[in-house]
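Novice:
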Amino acid sequence: MRVSVKLPKSNSKSSGFTFTIHYEALNKIRSMPLDRSCENNAVLMHINKSQISLSKNTVFTMIALHSVGPTLISVFAATIADAAIVEYNWTLRPVRASPKDTSFSVDCNLNRLMLLINDEYPGPTLRAQVNDTIRINLVNEDPSQSFSLHHHGLHMFGQPYYDGTASASQCAANVLQTQVYEFTVNEAGTHYWHGHMAMERGDGYEGAIIVTDPNDMRETELEATYDEEEVIFLQDWYHLDGPALRAGLDAIPFIWIGDPQSFVINGGGLYLRCFENTTVDPSLCANNCSIDNYIRTIDVESGKTYRLRIIGGQTLIGVNFAISDHNMTIVEVEGTLCEPFEVSSLDVMPGQRFSALVTMDKDPDSYWATTSVRYRSSGPYGGIIFRYKGAPETNLTLNGPFPDHPLWNETEPTEVLERNLVTKNIDSYPDHDVLSADENAIRRFVLVTTQATDQASGMLRWAVNNVTYVMPPKPFIFSAYEACNVEGAAPWPETIVPGSVVLPEAPPNPWNYTEPVHESVGSYNKESEPSMIPAVEGEIIEVILQNARALNNVSEMHPWHLHGYSFYVIGRGNGVYDKENDMSSYNLENPIRRDTVTLLPLGWTAIRFRATNVGVWTFHCTMTAHLLMGMETLLVVSPDRLESPPPGSRACIETSLAYDESNTSSGVSFLTSFTYHQVDGANISENLPPCLCFVQTTIEASTTTQVRVVTFRFFLSKYCLLVFGNSDIMTVP
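Mind the numbering: the sequence shown is residues 1 to 733 in this note's numbering, read in order.
So, in structure tokens, the structure goes:
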């Protein structure tokens, strides 16, 4: 545990003190010693047996990143105005439906292992206002897997260690460990959270994030146009769990994950083989399989307008969403308010989010809203029912009537949608000046996605500019920070980060990307390492995403998501990008600002943004299988300006460190007694030996004394308690 606390001014550079803090992993302080209390509005501390009380408008915020390794708690004073701390206690655990308990079946299928937060599917919705602090106490009760928690659409500006991307910004929560995520929310809009370790979000580990901004007149004006809102959470559903699907991707020969067995909306769907009694094993089907039991219903009232927050939580398939006899008006795209655009159906790719206004102005009845697969030749339909108040009791059937959808390979609806999504009041966004930037101020990348058999492993992999991304053994953000701060390091961006490769700004050997990739320069992987795009804070970056063909000669649709940023989608087209001719088609007036963009088959898409968010940010295809196969890179922005990484981010695989009383340094003594608190009813012996790594204390200056740094490992992963006392302050050389 690391604790940083400001102490009163001292005229002495070395003095004894006693400081005591007790902090529990679930962030609920119990059994405090002496008169100590910890509340939102006051913190009482005992230093040298004297009590210091902070004013009520000052709050001590504890940020804890518990992971495999040391634990961080930074304690600092901050003044908060018009903001709240929104706290969630989450437990992640595996569950399974059975014939005796079908409550965890989402589509009539049984025996499917799920990973759920607080036993909810989809997971709990995070709700907050801009400037609020969200605190999530996440307990991993899975006995075999590690997990992280990414907040898709929240930029984590100035908070790069809390992006929740395993191996990039943090370590995952190991088996039976706890992580505490605490961060400030800056982005209003429709977002979502999900695991970002492997394929766990396809097992149910995801849910909505809704952020409002009562101080933004644009948001207030939009809210006046509708009466109520509903979340529409879209998910494809496989009957094999994530680890089983991942095993096929890494197998030789390669085993593709294939089509999902069903598609679920708001946690409900139908596996047709169970519904139609055609499955080969009836014991795997719930005996209550019906539309009433497994298809969700949204109750609506005539004359009211509803804001549908539509979230693409799929792991593979893009879909088209439509409501029978009702049009939708798109008003928000991934946190950006857009000029209203009316559609009869809407393409939603994995990771994308929209707000659509729907007025219930039809005859009181029940209406199907359905999804159809886009850009894949097969796959299941999904459905949800909108039921008017006072509608006849007659139930809908799978005979319809259903809304119309485009053909699976019809690109025109997507192109029309993308052309007509434009940002409303674009001058209100502080980064809009990138659209008028001088050509010489723009750094341009062309990223080409290809498929190849990895020469070293023999596994089928995706590559970006001939580089297949592989997860580093420790979070890349620490490696980059360390490389910049080592003695003799070259200035960024010339700094060499060991174990990584700088992504070429264009394919090393270009070719006609619409032609078959077989026997071409794109049919091999030049590198298999963590790849990065080194960027300097403030520079303007333009990325042209160029699609090509896979080894089966098929060009797929790929949705790309950039962590830490929203970007402007300034152009798109078919075929091979040609700078001389295609730049003239750019929309530099009011392009849509978003964070997840569609790359159509054999097409290109251009995005532009300013690199203002220091940190390490993943840029990847949101199809989880493609991501795990290497379609990813890292945007690394000025890591030389990062604050010191928390100890828990330094290594994700560590052996347990035993207490070594001889491992001391001059002026610092280890404690011989620790207090273990009881959590969740478990009994812990007070005689357990402590597992200290080290204790280090320093003084920053003669005018301000800062106690810094106490680090220790968990003895048991679920217990993060206590800190210490009776150390001597060391003098900084």
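A virtual CB, placed ideally from N, CA and C, is assigned to each residue, including glycine.
Taking its Cβ as the centre, do 16 or more other Cβ atoms sit within 10 Å of V751, making it buried, or is it exposed?
Specialist: Any property of residue 751 remains undetermined from this structure, which presents the chain solely from 1 to 733.
Novice: With burial defined as no fewer than 16 other Cβ atoms inside 10 Å of the residue's Cβ, what is the status of T394: buried or exposed?
Specialist: exposed
Novice: Taking all protein chains shown into account, do 16 or more other C-beta atoms lie within 10 angstroms of the C-beta of A490, making it buried, or fewer, making it exposed?
Specialist: exposed
Novice: Whether or not the stretch 222–240 and the stretch 265–273 are in contact is what I'm after, with contact meaning three or more pairs of Cβ atoms, one per stretch, closer than 8 angstroms; do they touch?
Specialist: The stretch 265–273 is in contact with the stretch 222–240.
Novice: Using three-state DSSP, classify R641 as helix, strand or coil.
Specialist: helix
Novice: Could you give the C-beta distance for G630 and I477, rounded to a whole number, given that I count them as a contact under 8 angstroms?
Specialist: Rounded, the Cβ-Cβ distance is 20 angstroms, inconsistent with contact.
Novice: Would S378 and P406 qualify as a contact pair, given that the criterion is a beta-carbon distance under 9 angstroms?
Specialist: For S378 and P406, no; Cβs fall outside 9 angstroms.
Novice: Using DSSP bridges, identify the partner residues of F341.
Specialist: I330
Novice: Run through DSSP, which three-state label would C803 get?
Specialist: With the chain represented from 1 up to 733, any question about residue 803 goes unanswered, as that position is not in the structure.
Novice: From what residue to what residue does the alpha helix (DSSP H) around F478 run?
Specialist: Where F478 is concerned, the enclosing alpha helix (DSSP H) stretches over 476–485.
Novice: Tell me which same chain residues have a C-beta within less than 6 angstroms of the C-beta of T297, skipping the five on either side of it?
Specialist: I385, R387
Novice: Could you tell me if D404 is buried or exposed, where buried requires 16 or more neighbouring beta carbons within 10 angstroms of its beta carbon?
Specialist: exposed
Novice: To the nearest angstrom, how far is the alpha carbon of R419 from that of V576?
Specialist: 19 angstroms
Novice: Could you tell me which of L115, F275, N288, M199 sits nearest to A247, measuring between CA atoms?
Specialist: M199
Novice: Do you know offhand how far I734's Cα is from N327's?
Specialist: Nothing in the structure corresponds to residue 734, since the chain is present only between 1 and 733.
Novice: Taking DSSP as the reference, what is the three-state secondary structure of F715?
Specialist: Note that F715 scores a pLDDT of 26, beneath 50, so its modelled location is shaky and nothing firm can be said.
Novice: CB E539 to CB R610, shorter than 9 angstroms?
Specialist: yes
Novice: Are the stretch 277–289 and the stretch 342–358 touching, with three or more C-beta to C-beta distances below 8 angstroms?
Specialist: The stretch 277–289 makes no contact with the stretch 342–358; the number of CB pairs closer than 8 angstroms stays below 3.
Novice: I'd like the span of the alpha helix (DSSP H) that includes H239, first residue to last.
Specialist: Run containing H239: none; DSSP gives neither H nor E here.
Novice: Indicate whether the contact test is met: 3 or more Cβ pairs, each with one atom in the stretch 443–454 and one in the stretch 492–510, closer than 8 angstroms.
Specialist: yes
Novice: Evaluate M217 with the Cβ neighbour count: other Cβ atoms within 10 Å of its Cβ, from every protein chain shown; 16 or more gives buried, anything less gives exposed.
Specialist: exposed
Novice: For the stretch 209–216 against the stretch 135–147, do three or more pairs of beta-carbon atoms, one drawn from each stretch, fall closer than 8 angstroms, so that the two count as touching?
Specialist: no
Novice: Once the 5 residues before and after I570 are set aside, which same chain residues still bring their CB inside 8 angstroms of it?
Specialist: Cβ within range, chain order: L435, E542, Y586, N587, L588, P591, A606, I607, R608.
Novice: Quick one: using the 10 Å Cβ neighbour count with 16 as the cut-off for buried, is E221 buried or exposed?
Specialist: exposed
Novice: Look at the alpha carbon of A244 and the alpha carbon of P94, and state the distance between them as a whole number of angstroms.
Specialist: 15 angstroms
Novice: Tell me the DSSP secondary structure of I684 in three-state form.
Specialist: Per-residue confidence for I684 stands at a pLDDT of 31, beneath the threshold of 50, marking its modelled position as unreliable; no derived number is given.
Novice: Kindly indicate the opening and closing residues of the alpha helix (DSSP H) around Y294.
Specialist: Note, Y294: alpha helix (DSSP H), 291–294.
Novice: Assign F275 to one of three DSSP states: helix, strand, or coil.
Specialist: helix
Novice: What three-state label does DSSP hand D431 in the structure shown?
Specialist: coil
Novice: Using 9 angstroms as the limit for Cβ to Cβ distance, is S355 near chain C?
Specialist: In the displayed structure, chain C is absent; only one protein chain is listed.
Novice: Between the alpha carbons of L417 and V319, how many angstroms are there, rounded?
Specialist: L417 and V319 have their C-alpha atoms some 14 angstroms from each other.
Novice: By a C-beta neighbour count over all protein chains shown, 10 Å radius and 16 as the cutoff for buried, is S428 buried or exposed?
Specialist: Exposed, since its Cβ has fewer than 16 Cβ neighbours within 10 Å.
Novice: Can you tell me the Cα-Cα spacing of S37 and A173, whole angstroms?
Specialist: Low per-residue confidence applies at S37: pLDDT is 29, beneath 50, and the placement is therefore not dependable enough to give any value.
Novice: Per DSSP, A208 is paired with what?
Specialist: Y192
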